[in-house]
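> Attaching a single structure in structure tokens format; questions to follow.
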Amino acid sequence: MNKPETDLTLFPDALTQAVHQLCARANSRFSRVDTRIAKLDATARIATLADRIEALTSRVRALESEARTHNHDPNPEEPAPHENHR
């Protein structure tokens with residue numbers, strides 16, 4: 001069963017209190033939404049930065065490989081060949 005609506009215009013203090021409560025709830029909800037949006041925005045920025053770092057790392061590896069090939073340098077991650085190994 002629904003409660004009958006009260007005409008709050010007959011009770012200005014109650015009307016003011018109800019408006020303040022509604023505003024407080026709305027502000028709280030907006031604040032939570034703003035926080036969620038900020039978290040999503042930060043997550044998207046982190047993902048974008050991670051993609052850029054990955055692309056730059058790949059490019060650096062390609063440039064290092066190209067430099068080794070061009071200069072005929074051994075891979076610094078591989079052990080140097082032994083002199084008696086032919």
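Counting from 1, one number per residue, gives the positions in the sequence shown under UniProt numbering. Just so you know, even glycine gets a beta-carbon here, dropped at the ideal spot from N, CA and C.
To the nearest angstrom, how far is it from the Cα of Ser58 to the Cα of Lys39?
Within the sequence shown, the letter at position 58 stands for residue 58. Within the sequence shown, the letter at position 39 stands for residue 39. Roughly 28 Å between the two C-alpha positions.
> Would DSSP call Glu66 helix, strand or coil?
Here residue 66 refers to the residue found at position 66 when the sequence shown is read from its first residue. Of the three classes helix, strand and coil, the one that applies to Glu66 here is helix, per DSSP.
> Quick check on DSSP: helix, strand or coil for Phe11?
Indexing the sequence shown from 1 puts residue 11 at position 11. The answer is coil: DSSP assigns Phe11 none of H, G, I, E or B.
> Assign Glu5 to one of three DSSP states: helix, strand, or coil.
In the sequence shown, residue 5 corresponds to position 5, counting from 1. Here Glu5 sits in coil by DSSP.
> Output the distance between the C-alpha atoms of Ser28 and Thr16, rounded to the nearest integer angstrom.
Your numbering for residue 28 matches position 28 in the sequence shown. Your numbering for residue 16 matches position 16 in the sequence shown. Each residue's Cα considered, the two are about 18 Å apart.
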